[in-house]
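Student: Residue numbers (our numbering), protein chains in the order written: chain S, 232 to 744; chain Y, 232 to 744.
Just so it is clear, CB atoms sit at the ideal spot from N, CA and C, and this is done for glycine as well.
Everything numeric in this text was worked out from a predicted model, so none of it was measured.
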């Protein structure tokens, strides 16, 4: 204890008398952080959207080791401002149009802050009944808003759970499907199981399959084409399955996507489920991005056919005003998840669980410990209400339409694939490069490769300007720019300005070459 | 669009003019939530520690569906106070001694709030360089504080990553180990792979193994005994491995625990790694709970031998003042993780990643999307400094010692297993039940079963009182109460009061029977 006494003697600014969770210190620093963040939002347009730092920038600015004595919060916040913010890519900026935006909101923030403050570890019901019960309730609410089949809701003997991300949703449902099938065909046949998606399915599927012990050779990325707008054709699925069956393999799991990452393509749920049903396959619907839009009646048709699926997931942190992370997953038969994922160690036993009166969400997911994520979803639903949430989503779609019209008005550009939601895939046309005799035009018929290279350079220049941030996709050999509206602060004027930036950049590139 | 217009016409309190991320509205509601939580901490001792609600309580209080029109935040916070708080088990209460407490702090809270506010999705470096770089830096800082072997740090060609929970850490390292082994023995032999732990290893291991496609029959829970204080004996491990090898199985992975959940037992790392090394096995160190204490020189010896392991994890959200979730994982050879977990879809490609100058943490974990978790760990380290952090941990250990002394001073009780850290396993002795001729004493030598039953009832009564919350374990046939100090607000007086509650309860139970 001599060591302890000598350390206590050191001149730390954090005195032994202040508990690290002292309520008044919490209040003081809490208000400070709110003002810091409110100012951040006020000033967010002043920062380059895409961080312009070089790899390794931060190691040069920070000490080699943790401080021995405490530092005041004011000094730390100054470092956040000076050293961290320049290294942040500002996902909340109204000029952010990359990937799929993460649509923060005041209500989502408040919910996350509340659950952080309570800091409960809601692995089972008893560890915080409200965390479990609110989750079941809001998952039923959201399921109703989506008009999911009753069989996916608790009120219909299915049920919903909030996980972190789609990859977890895929991994959990795939594990459940695998174990269900193994119990029929024997565990030794795990090497024969086949997982299906399209070449547009998110990379999370192949990753989840590998983690779950599925042979990577048995993960099918079925080719899609422009003729089906890059949706998975049921005929192609049928052909792939038949081929595998002839080879002695066993079809296990299909992932159908509503709003693919590259182009927001939609797989036709009904016909795909019909094919899968013939083989007793598990169908998971990955509606990570576009599921949100389906709370609007005019978009609901995109998920019709979901009644044939076994599970359905949607990332509320993507386009539903709920901060990262919040992946809403519904399953028709929760017992399949529970069979694969439950644990029952003595130290977690309790009367409520033993009598099976309650949901213990630890058995519906990978991890044991879990945050009170339902709080933020509840706050978003209540703070805005269904009507406003629909309006917010519609306003994003409207802005994407506006951008689409702007692109269409300039004959140097094309919208490459149909726009369904709030994302526009566009590019500068090969023909545009031809008209201006430049490096991209060494023959009459400028080929795709040159156009791809031009669009790639265009993207780089735009992002390096820091004025907007856009990312790309490459589908069917075409390099395209993805203009994804969805950052909460974005308004018409930002879309118009983005278009101006893009046009100016193209003008410069074509003229100066 | 007619529908939209009519919806806009509805009397919603959220007008179309207010953006859901409006900075001034953010400021107003943000300050409100800080005061709400500061008041919560002020009043936390007034609430029953363990929630006393009945299963299904919340469904009776909330509407059947989400509101159509917006509701004011004031009304929502009122519902949080009236409907949610009674359903919360107050993990931040100073009278919380259950499971392992989650030690919140002002700094941990602030860090989480900052990362929620920035709401970046840091899957790869470019998506927010600061998120990745700060994570690498603080993981090196914390690794140094633990005196982890240099080979686990970035500065020694290893590296650290922040995942959500230990189960993820186990699943990722197990998948990496499995794939490394499969490349040698062929994928068809996955059914032969064996995973080892003790009967005290966390249930997360068996779960992770099942998810990763390891046959549940090949997960060994090697028996421990009181003679080794429930630590895994290297001799027992050797015997188990030899047995499996003779049966044609292949030893793959050992999970050694520093501070088991039931009794905080410590597995002897050095000798266990020596055994594992002979078979080319992967060794993971699960220091979820007790790893934190090892930043104090006097506890560091508990992880000596870690240099023989492949990976090491510690939950900063458990006993390191960092809110849920924050599982710090170090690996010696990050390329093994990356080989199993990397994805490289076109839509995520970027120059920084392509030139391999940067860490892309998506390839070090299960999920793609990831929160900026390093922020809270950084704030904890800086806001308190190494000296205070050590003192905080030592103060918890000191309070556990105090409790241990109180238990020892009453000859009706025993401390069942040696106390290493801040958790005391105790119980009412069978002999105490004998002295008072009651239902638990129907013969001279009251057996364990009766003592177990008495202690179980004692636990139930205490928790039903709402004054303290304690959980149990059962090891070697003995039902014991676990008194885990670690909630940040706990002071000596709470420990003394808890002991008073326990004694009173025992007095009553013994006298009234």
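#1: So which of Y/502, Y/450, Y/718 has the shortest CA-CA distance to residue 626 of chain Y?
#2: 9 Å is my cut-off, CB to CB: does residue 492 of chain Y come that close to chain S?
#3: Taking the beta carbon of residue 731 of chain Y as the centre, do at least 16 other beta carbons fall within 10 Å, making it buried, or is it exposed?
#4: Run through the stretch 668 to 719 of chain Y for me and flag every whole beta strand (DSSP E) of 3 or more residues, listed as ranges in chain order.
#5: Would the stretch 572 to 581 of chain Y count as touching the stretch 315 to 325 of chain Y if we require 3 or more Cβ pairs under 8 Å?
#6: Give the straight-line distance between the Cα atoms of residue 749 of chain S and residue 659 of chain S, rounded to the nearest whole angstrom.
#7: When DSSP labels each residue in this structure, what does residue 253 of chain S get in the three-state scheme?
#8: On the DSSP bridge assignment, give the partners of residue 453 of chain Y in chain order.
#9: Which of the three DSSP states is assigned to residue 540 of chain S in this structure?
#10: Using the beta-carbon of each residue, which ones in chain Y are nearer than 7 Å to residue 686 of chain S?
#11: Is residue 368 of chain S helix, strand or coil when you go by DSSP?
#12: Output the boundary residues of the beta strand (DSSP E) element that contains residue 658 of chain S.
#13: Using a Cβ-Cβ cut-off of 8 Å (strictly less than) and excluding sequence neighbours within five positions of residue 452 of chain S, which residues of its own chain qualify?
#14: Keeping to the same chain, check which residues put their C-beta closer than 7 Å to that of residue 457 of chain Y; ignore five residues upstream and five downstream.
#15: Counting Cβ pairs, one atom from each stretch, are 3 or more of them under 8 Å apart for the stretch 406 to 416 of chain S and the stretch 459 to 479 of chain S?
#16: Once the 5 residues before and after residue 386 of chain Y are set aside, which same chain residues still bring their CB inside 7 Å of it?
#17: Can you give the beta carbon distance from residue 562 of chain Y to residue 482 of chain Y, rounded, assuming they're within the 8 Å contact cut?
#18: Where does residue 732 of chain S sit, in a helix, a strand or coil, going by DSSP?
#19: At a Cβ threshold of 9 Å, is residue 419 of chain Y touching chain A?
#20: Counting contacts by CB-CB distance shorter than 9 Å, is residue 575 of chain S in contact with chain Y?
#21: Distance, Cα to Cα, residue 450 of chain S vs residue 647 of chain Y?
#22: So what does DSSP say about residue 518 of chain Y, is it helix, strand or coil?
#23: So, are the CB atoms of residue 401 of chain S and residue 486 of chain S less than 9 Å apart?
#24: For residue 526 of chain S, which of helix, strand or coil comes out of DSSP?
#25: Can you give me the Cβ contacts of residue 444 of chain Y inside the same chain, cut-off strictly under 7 Å, excluding the 5 residues immediately before and after it?
#26: Report the partner residues of residue 390 of chain S according to the DSSP bridge assignment.
#27: Return helix, strand or coil for residue 722 of chain Y, following the three-state DSSP convention.
#28: In angstroms with no decimal places, state the Cα-to-Cα distance between residue 300 of chain Y and residue 620 of chain S.
#29: To which residues does DSSP link residue 302 of chain Y through a beta bridge?
#30: At a Cβ threshold of 9 Å, is residue 470 of chain Y touching chain S?
#31: For residue 679 of chain S, count the other beta carbons within 10 Å of its own beta carbon; 16 or more makes it buried, fewer makes it exposed. Which is it?
#32: Is it the case that the Cβ atoms of residue 286 of chain S and residue 583 of chain Y are separated by a distance below 9 Å?
#33: For the candidate residues Y/416, Y/306, Y/515, Y/335, whose alpha-carbon lies nearest to that of residue 398 of chain Y?
#34: State yes or no: is the beta carbon of residue 565 of chain Y nearer than 9 Å to at least one beta carbon in chain S?
#35: Straight-line CA distance for residue 622 of chain S to residue 511 of chain S?
#36: If you count every other CB in all the chains shown that lies within 10 Å of the CB of residue 447 of chain S, and 16 or more means buried, which is it?
Tutor: Let's see:
#1: Minimum Cα distance to residue 626 of chain Y is reached at Y/718.
#2: yes
#3: That one is exposed.
#4: 702 to 706, 709 to 715
#5: Contact fails: fewer than three Cβ-Cβ distances are below 8 Å.
#6: Given a span of 232 to 744 for chain S in the structure shown, any question on residue 749 of chain S remains unanswerable.
#7: Coil at residue 253 of chain S, not helix or strand.
#8: Y/429
#9: In the structure shown, residue 540 of chain S sits in coil (DSSP, three-state: anything other than H, G, I, E or B).
#10: Going along chain Y, no residue has its Cβ under 7 Å from residue 686 of chain S, so there is no contact; the nearest lies around 13 Å.
#11: helix
#12: 654 to 659
#13: Apart from the 5 residues on each side of it in sequence, residue 452 of chain S sits with its Cβ closer than 8 Å to the Cβ of 428, 429, 430, 432, 437 in its chain, given in chain order.
#14: 707
#15: no
#16: 371
#17: Not a contact, Cβ separation roughly 20 Å.
#18: helix
#19: Included in the structure are the protein chains S and Y, with no chain A among them.
#20: yes
#21: 52 Å
#22: coil
#23: yes
#24: helix
#25: 421
#26: S/562
#27: coil
#28: 9 Å
#29: According to DSSP, residue 302 of chain Y bridges with nothing at all.
#30: no
#31: exposed
#32: yes
#33: Y/515
#34: no
#35: Residue 622 of chain S and residue 511 of chain S have their C-alpha atoms some 39 Å from each other.
#36: The residue in question, residue 447 of chain S, is exposed, as its Cβ has fewer than 16 Cβ neighbours within 10 Å.
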